Amino acid sequence: MNKPGETQKTEAAAVTTRAQDYAQWYLDVIKKACLAEHSSVRGCMVIRPHGYAIWEKMQRELDDRFKATGHENAYFPLFIPLSFFSREEKHASGFAKECAVVTHHRLKSVDGEIVVDPESKLEEPLVVRPTSETIIWAQYKNWIQSYRDLPLLINQWANVVRWEMRTRLFLRTAEFLWQEGHTAHATEKEALEETWRMLDVYSDFTENVMAVPVIKGRKTEGERFAGAIETLSIEGMMQDGKALQMGTSHYLGQNFAKGADVKFQNKEGQLEYVYATSWGVSTRLIGALIMTHSDDAGLVLPPKLAPIQVIVIPIFKNEEERVKTTDAAGKVLAELKALGVAVRVDARDGIMPGAKYYEWEGKGVPLRIEIGPKDLEKGSLCIARRFVPEIKGEAPDAQRRRRKSFLPRAEAIASILPTLEAMQKELLERARANRAARTRVIDKLEEFEKFFGEGGGFAWVHWAGTSEQEEEMTKRFETSIRCIPFEDQIPPEAKGEGVCILTGRPSKQRVLMAKSY
RNA sequence: CGGGGUGUGGCUCAAUGGUAGAGCGCUCGCUUGGGGUGCGAGAGAUUGCGGGUCCGAUUCCCGCCACCCCGACCA
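Count along the first sequence from 1, add 549, and you get the number used in our numbering.
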C-alpha cells in the first residue's frame, strides 16, 4: 500500500477504462471497502462483514419478492450422488468439467501424517452441488402425485461449487452463495409464465434496489443452461462497457421430471410428467454493484443496499468539545434511527476527521453528517453526499463543495430520507446514461470491429447466423450474443427488420452483442 | 491443462554467497483536529516447501507447491 496522501487522495472521478487498470481498480474498490478477499483455499473467497452485510440486504429484498410471488424456502443436501447427477444427460455433461467430487469419508494417520484412508472409498462418489436441480427433483418425486400438489414453488439459499480455472472476487469463485428457485407445474403454460415472472422479479430488484438497469431477453442455444429448453437472462453493463449476466431464469420443460421420474395425475386422471423452472442469482450481484456505481474513491452504494446509510462524525479538538459534539452526535443518531435510517456514529479519538471521511467514502456510505463546535454554535449540521449528479466540465474542487451543504439542524434531519431517495434514483439514472453513451446500433462489420476495438459497449445488431457462425464472431471480436431481447427491451432506434451483420440473411429483430465477463 | 511471470514482517517492495532493510499499517507517548497532522519510541520475518552445490544459501542449481497475467471453461 502506498502512502495514503500520495496515491489515494483522489476525488470521486471518472473510472479508468483500460482493461488492466479496470481490473486493478475493481480490486482496489473491494479492498478499500473491506468487502472481500481471496482465501488461501484455491479459488475461494472470504466475504468480510461489510460485504456480507450488503449480501444480507440483497437477500432480504429478494426474499420478500419471492414470498410475494408465492414461494417458500427450503433446504436440500450439499452432496449429490453421482447417479442422481447423471439422470439428465445434457445437464451432467454441461457441468462435468467443473465438479468437485467427494470420494472418501475418512482420514488416517500414517507416520504422523494425516492422509486419506484408501479403505474409506465411497461406493458411489458424491458430487458437491454445482446447482441443485437433480437432488431437488429426486425429492420432488416423493412430494408430487396429484395436480393438487402443484404448483410447487420452492427457493433455496445455498452455496454451490463450480471448479473454475480462473477466478475473480465475486464474479467467479470456486464456491459462491446464491439462491436457486425450483418450481414444478402442471402445464407448460404455467411453467413458462413462472419463468418470465421470475425474470421480472430479478429486473425489478436490480433496477429498483441495486439501481442497475438491465436488458431482459432469451439466450441463444449455445449460451443456454445445461438441460434447459429456454434460458432467460438479465444483462447489465459495467463501467468498462462489458456485459455481465446478472441473473437467469430457465424453462426446463419435462427434462428433469423425466430424469427423476416425477409424474402427477391430472384432473382427467392421466399420468403426466410435470413442467419445471429454475432461476438464480448469486453473490456475483455484488460484483455488478461495484462495477456499475463505484469510482476512484471507492465503493458507491445505492441507499437501499447500504448497511450504513448515514455516518455521523463529531469533530473536536479538546475534551470539552469532544463531550459536546459526541453528545450531539448521539442525539442525531437517535432521531435518525427513529426515522428508520441505518445510522452510525464514528467517535473514534486519535483519528483525524479527514481520515474518517476517506474511510467511510471508500466503504460507500451515502451520507455523512459532520458535527463540530461551529455547527453547535449555529445550530446547524453539515451534510456531505457520497456523490452528486455530474456537471460536465466541473472542476473537482467545485464538485466537492457541491457535495456538502449546511442546513439548520431540524431541516437537515428532515432532509435525510428525501436525499437518500433522490440518491437512489440518481444512481439508476447515471447508470442508464452511462449505458446509453456506450450503446450503438450497428449494421456494418467494419463499424462493429471499430466499436469493440475502441472500448466497446452494447451493440444492437441484426443476426441470422448459425451457432457455428456465432462462435466465429466470438473468436474474431471477443464478443458474444448476450441475449435475444424481448421486444419491449429494444430501443426505438434499434427496432425493425434488417439483414444479418455477418451473413446478410434477413433478420426479424436485432440482438444484443457485447464483450462479457 | 498449454505460454509467461512472481514468491522476503499484516500490505507494497528493496538488498545480499557470510542468516535481512525501507515505506505504509500496527502498539505506546506527546502533538494535531471542519479532507489522510507532526515527532519520538516499540512490536513484528526460522526469506513458499523439499533436495543439491558450497566452509557457509534468502541469493546459484533441480524438483514441488502456491499465486498473478494471457489462452481453453464459466452464475
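Positions of the beta carbon are idealized from the N, C-alpha and C atoms, including for glycine.
Predicted model, so just to flag it, every value in this text is computed and none were measured.
Item	Value
Of the residues Val914, Thr797 and Thr683, which one's Cα is nearest the Cα of Gly600?	Val914
Measure the C-alpha to C-alpha separation of Ala855 and Ile603 and round it to an integer number of angstroms.	7 Å
Which whole-angstrom value describes the C-beta separation of Leu810 and Lys639, a residue pair presumed to lie in contact below a C-beta threshold of 8 Å?	The amino acid occupying residue 810 in the given sequence is Asp; Leu does not appear at that position. The pair is not a contact, with the Cβ atoms about 17 Å apart (cut-off 8 Å).
Beta carbon of Val937, beta carbon of Arg958: below 8 Å?	no
Give me, in chain order, the residues of the same chain whose beta-carbon lies closer than 8 Å to that of Glu1017; leave out the 5 immediate sequence neighbours on both sides.	none
From Lys866 to Lys905, what does the alpha carbon distance come to, in whole angstroms?	15 Å
Ends of the alpha helix (DSSP H) at Asn691?	Glu682 to Trp692
Looking at Thr744: is its Cβ nearer than 8 Å to the Cβ of Phe774?	no
Once you ignore the five residues that flank Leu671 on each side, which residues in its own chain have a CB closer than 8 Å to its CB?	Val651, Thr652, His653 and His654
Mind pulling the alpha helix (DSSP H) runs of 4 or more residues that sit fully within the segment 888-947?	902-911 and 922-927
State buried or exposed for Ile663, treating a residue as buried only when at least 16 other CB atoms are found within 10 Å of its CB.	exposed
With DSSP collapsed to three states, give me the class of Tyr800.	strand
Going by DSSP, what residue range makes up the alpha helix (DSSP H) through Ile839?	Arg833 to His842
Taking just the CA atoms, how far does Leu1051 sit from Lys616?	45 Å
I want to know whether the segment 587-597 touches the segment 721-733 - three or more CB-CB distances under 8 Å.	yes
Just how far apart, CA to CA, sit Asn704 and Asn622?	5 Å
According to DSSP, simplified to helix, strand and coil, what is Lys657?	strand
Taking Cβ to Cβ, would you say Arg1031 is nearer than 8 Å to Ala777?	no
How many Å lie between Phe633 and Gly829 at the Cα?	21 Å
Could you spell out the range, first to last residue, of the alpha helix (DSSP H) harbouring Asn708?	Taken as a continuous stretch (DSSP letters only), Asn708 belongs to no alpha helix (DSSP H), being part of the beta strand (DSSP E) at Leu701 to Val710.
By alpha-carbon positions, which one of Glu668, Val677, Gly1045 and Leu720 ends up nearest to Tyr1066?	Leu720
Have a look at Arg949 and Ala846 and give me their C-alpha separation to the nearest angstrom.	12 Å
Can you tell me whether Arg697 is buried or exposed? The criterion is at least 16 other CB atoms within 10 Å of its CB, across all chains shown.	exposed
At 4 residues or longer, what runs of the alpha helix (DSSP H) sit wholly inside the segment 772-826?	804-809
So Ser954 packs on Trp1012, CB below 8 Å; how close in whole Å?	Ser954 to Trp1012, Cβ: 50 Å. No contact.
Are Pro863 and Gln973 close, meaning C-beta to C-beta below 8 Å?	no
Does the count of Cβ pairs from the segment 997-1011 and the segment 1039-1047 closer than 8 Å reach three?	yes
Within its chain, find whatever has a CB closer than 7 Å to the CB of Leu656; leave out the 5 residues flanking it on each side and keep chain order.	Ile663, Val664, Val665 and Asp666
So what does Pro1055 bridge to, in DSSP terms?	Val1048
Can you tell me where the alpha helix (DSSP H) holding Phe644 begins and where it ends?	Glu638 to Phe644
Measure the alpha-carbon distance for Trp692 versus Leu699 and round it to whole angstroms.	10 Å
Check for me: the beta strand (DSSP E) holding Val859 runs from which residue to which?	Val859 to Pro863
Would you mind stating whether Pro674 and Leu631 have Cβ atoms separated by less than 8 Å?	yes
What does the alpha-carbon distance come out to for the pair Gln1058 and Ile764?	15 Å
Name the DSSP bridge partner or partners of Ala846?	DSSP lists no partner for Ala846.
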